[in-house]
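A short write-up of the structure that comes next.
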Ligand SMILES: [Zn+2]
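Residue numbers (my numbering), protein chains in the order written: chain B, 18 to 476; chain W, 967 to 1459.
Listed below in structure tokens is the structure:
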């Protein structure tokens, strides 16, 4: 629960906002963050950040203003002064040409089911020891770098529309290590994620590296031709491409403004392959779960694409007000995107799954994806870690940095096999404030006729 | 900053030194304001201010960095202690010891961005009126969406280190963009935009934004160009010359010269996130990065840019020097600790002076090697029209829509807003959806024309992301018109 002191201060500020006859959303965000970076087999940075932010948004009729302030919220005066800034901004603003929706916290939310005190208080020495163990076990002849972010996020808010408040406390961690051969230059990577300290196991990463190393050590890099290949996308690549497809295909704002690759479609239209089902499911344990959005709306399972057919578009309250639609609980705050698994065998049998497919590229992750033409669903990105060429179910060699430039409709329209195992992909970034988000995706997908448009002479 | 605060910081630095810290610095940010206003189709969709203050402390102990930051200024002592503890833990896993090199003589200095009118003293009403004016000039029945945004930043920062250096800095930045969008003959969105730029001189307060040459006068041009785009055909796949206007040239330089020439990246400290670099320590003095026409400087010595800031976050002064000299790689973007490590690892003194490129985006982030201003120096191939006149088959492109780069920055793929087709020395028509791709050194070695000083402008960047935890940085790129030959353009069917 939020401390009684903060709650009382917020209630006083709410009273003040009501007295001033403004609609206000008052929000508290506090993070305890720790991050360890590894570079050249050393800890290159060990950083702790304790930061508290106050966000206030004010609506007066059709005018709005927002103000954010970092610092300790020590008194009602502190927050009322900030409220005055936001009121002043709203008063001096312009009338919007639509009426903003009132933000109502639908019930008293208290969500703490993904909080682990042990992870919040994790001693940085634990991380240092784990990296040390991995480096010593896998071999000090390689160059290691990595980062391991962990911490807690406490979020509390209320609005002037009722007495309710929403509280969310979550811990999260994202561990990453990159192994680079100092001469041959190839890179392997291992990632682990979760909300509990015990979600991390050094042995898991050691095993992953030990499995891949012989392939890389014993085979030269392969320069891929620029043509169409059958490509097995690994979980990170699926998640990265799917996040782009979501952002440019399933958000109300881009859809309504005809900038989406789905803009010409309506509910029921076939947009992807009939084996693709995509939803936002706040009950999925692979994700960081939020039972409410930042406007106070309760979130529930929300199907975006069912068997390849467009079902629903996500509307935040502003877009909903603008286009006279119903908000769907998608004001910023963690979504829980789930791409349904299929009938293919699990990760362990990936090679078996592609045995009769001849030459296949396995691309587990894509680096730096962007959208040369969002309206057409065209994306581009290049292979990096752990990417290999497979022939008749056998790994033949690692591949050089290869670029895929293709479109969502085709890549997710020609999926031959989908793994029956799901993987949690932690999509949290460390830009700005702590805000954990994860997506659940199949551990691999075999996609046919994927366009490879460039290949470097190196990894 | 009050004297009591200063004393507290200095006492804590001394306490860490007594505990055998090799080096300590603290950055106290007393105010870090930002304001953004954003008009979308006439609606003021962003009307935000942010205020941050706090302290960040960096401690070097036994060859390892520890860092801690807090927004609670009543906990300065605890912050120093946590930073020290973090360094001590880090020092348990050290393969290459970090060092700040020879102890430097402490000094006192200050820096203030050249600015006449503090943008935070201009009323919100005046800012909105300014945007509305532009908006009314952009408005047309056939234009689907209009976008104008302005961001203002002001930061007061005090730097202290254990060598006795104290620097106070007041930084001001103004960024602005305008854009028009429309649906083309295939029902797809096309856009044309213009970003506030400088010529490197002048001042960077509110007056920068209201200078018509730099911003407001571009409304007519972007509308006309959008109108042509809406009826244009798509660029077809093929090899041809590509002429980059500075609106695209800055991104080319940013992604394929700036980032690969960050020394921490070259040394492998960014591998797990941003990636590495195809450049290694052997490349300096040997690698022919580009043709003889390619001359690239760091900082550049011009005052009016977000990449001109006086002193970096190690307390080193900004320095103007060449990184690429007539195509040859000779230097890169460096900070104090990284040049020591690089010289030691190379076994020779590649880097003689500190580059002054150690930067942190906020008090709660530790500094890393960043771009300052990374610039291509003007050439002597005349103006844009002269470069077009000497082109047989090519395209002129402007403003990025998409950028994707290999993890070692060895290859790239860019999409632009607009292309003008050039045939036999003449611009003949507009083409939409232009893209081009290449391999970095091959591409720069095909640089065949560099525009003169009149074509050179400073692009302002407010969104360069790097590091973990991630830091979004402001910087600049002075770039002339550039022409490259035999470039793969468009997408294969
Ligand atoms: Zn950048």
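The beta-carbon is built from N, C-alpha and C at its ideal position, and this holds for glycine as well. Because the structure is a prediction, the values reported are computed rather than measured.
Practice task
Given a cut-off of 8 Å, decide if residue 1379 of chain W and residue 422 of chain B are closer than it, judged by their beta-carbon atoms.
Solution key: yes
Handout entry: Residues near residue 199 of chain B by beta carbon distance below 6 Å, same chain, minus five either side
Key = 160
Problem - Where residue 35 of chain B falls, given that 16 or more other Cβ within 10 Å makes a residue buried - result: exposed
Practice task
Identify the contact partners of residue 1335 of chain W in chain B, using a Cβ-Cβ distance below 7 Å as the criterion.
Solution key: Per Cβ cutoff of 7 Å: no residues; residue 1335 of chain W is ~12 Å from chain B at best.
Handout entry: Contiguous beta strand (DSSP E) assignments of at least 3 residues, all confined to the stretch 1315 to 1384 of chain W
Key = 1340 to 1342, 1359 to 1371
Problem - heavy atom of ligand 1 below 7 Å from residue 384 of chain B C-beta - result: no
Exercise for the section: Look up residue 189 of chain B in the DSSP assignment and say whether it is helix, strand or coil. Expected result: strand
Problem - Closer than 9 Å at the beta carbon, the chain B residues around residue 988 of chain W - result: Neighbours of residue 988 of chain W on chain B: none; closest Cβ ~15 Å, over 9 Å.
Exercise for the section: Measuring only between beta-carbons, confirm whether residue 114 of chain B sits less than 8 Å from chain W. Expected result: yes
Handout entry: CB contact check: residue 1436 of chain W to chain B, cutoff 8 Å
Key = yes
Handout entry: residue 1096 of chain W - DSSP class collapsed to helix/strand/coil
Key = helix
Exercise for the section: State the DSSP-derived secondary structure class of residue 1244 of chain W, mapped to helix, strand or coil. Expected result: coil
Exercise for the section: Using only the heavy atoms of ligand 1, determine whether one of them is closer than 7 Å to the beta carbon of residue 1220 of chain W. Expected result: yes
Handout entry: Assigned exposure category for residue 1079 of chain W - 16 Cβ within 10 Å defines buried
Key = buried
Practice task
Starting from residue 1138 of chain W, follow its DSSP beta bridges and name the residues at the other end.
Solution key: W:1120
Exercise for the section: Return the residues of the stretch 308 to 319 of chain B that lie within a Cβ-Cβ distance of less than 7 Å from chain W, sorted by chain order. Expected result: none
Handout entry: residue 1443 of chain W beta carbon less than 8 Å from that of residue 1424 of chain W
Key = yes
Problem - Within 8 Å, strictly: CB atoms of residue 1455 of chain W and residue 1201 of chain W - result: yes
Exercise for the section: Look at the alpha carbon of residue 1136 of chain W and the alpha carbon of residue 1418 of chain W, and state the distance between them as a whole number of angstroms. Expected result: 33 Å
Problem - Closer than 7 Å: residue 1405 of chain W CB and nearest ligand 1 heavy atom - result: no
Exercise for the section: Would you please verify whether the beta carbon of residue 1385 of chain W is less than 8 Å from any beta carbon of chain B? Expected result: no
Practice task
Measure the beta-carbon distance from residue 1304 of chain W to residue 1350 of chain W and round it to whole angstroms, keeping in mind my assumption that it falls under 8 Å.
Solution key: Contact flag wrong, Cβ pair sits at about 38 Å.
Problem - Straight-line Cα distance separating residue 977 of chain W from residue 1027 of chain W - result: 18 Å
Handout entry: residue 1367 of chain W versus residue 1219 of chain W: straight-line alpha-carbon distance, rounded
Key = 16 Å
Exercise for the section: Output yes if chain W places a C-beta closer than 8 Å to the C-beta of residue 63 of chain B; else output no. Expected result: yes
Practice task
Return no unless some Cβ of chain W is closer than 8 Å to the Cβ of residue 341 of chain B.
Solution key: no
Practice task
Output yes or no for whether 8 Å exceeds the beta carbon distance between residue 355 of chain B and residue 301 of chain B.
Solution key: yes
Exercise for the section: Please confirm if residue 1111 of chain W has its CB atom under 8 Å from at least one CB of chain B. Expected result: yes
Exercise for the section: Please find out if some non-hydrogen atom of ligand 1 comes closer than 7 Å to the beta-carbon of residue 1225 of chain W. Expected result: yes
Problem - C-alpha distance - residue 61 of chain B paired with residue 1056 of chain W, whole-angstrom precision - result: 8 Å
Practice task
Evaluate the contact criterion for the stretch 1093 to 1104 of chain W versus the stretch 1002 to 1010 of chain W: three or more CB pairs, one atom per stretch, below 8 Å.
Solution key: yes
Exercise for the section: Could you name the residues of the same chain whose beta carbon sits closer than 7 Å to that of residue 316 of chain B, not counting the 5 residues immediately before and after it, in chain order? Expected result: 299, 307, 308, 309, 310, 346
Problem - Closest by C-alpha distance to residue 1110 of chain W, when choosing among W:1128, W:1154, W:1133, W:1162 - result: W:1154
Exercise for the section: Kindly provide the ranges of any alpha helix (DSSP H) runs that are 4 or more residues long and lie completely inside the stretch 1019 to 1069 of chain W, ordered along the chain. Expected result: 1042 to 1056
Handout entry: Contacts that residue 104 of chain B makes with chain W (C-beta to C-beta distance below 7 Å)
Key = Ordered by position in chain W, no residue passes the 7 Å Cβ test against residue 104 of chain B, which lies about 12 Å from the chain.
Handout entry: Residue-chain proximity (residue 1405 of chain W, chain B), Cβ-Cβ < 8 Å
Key = yes
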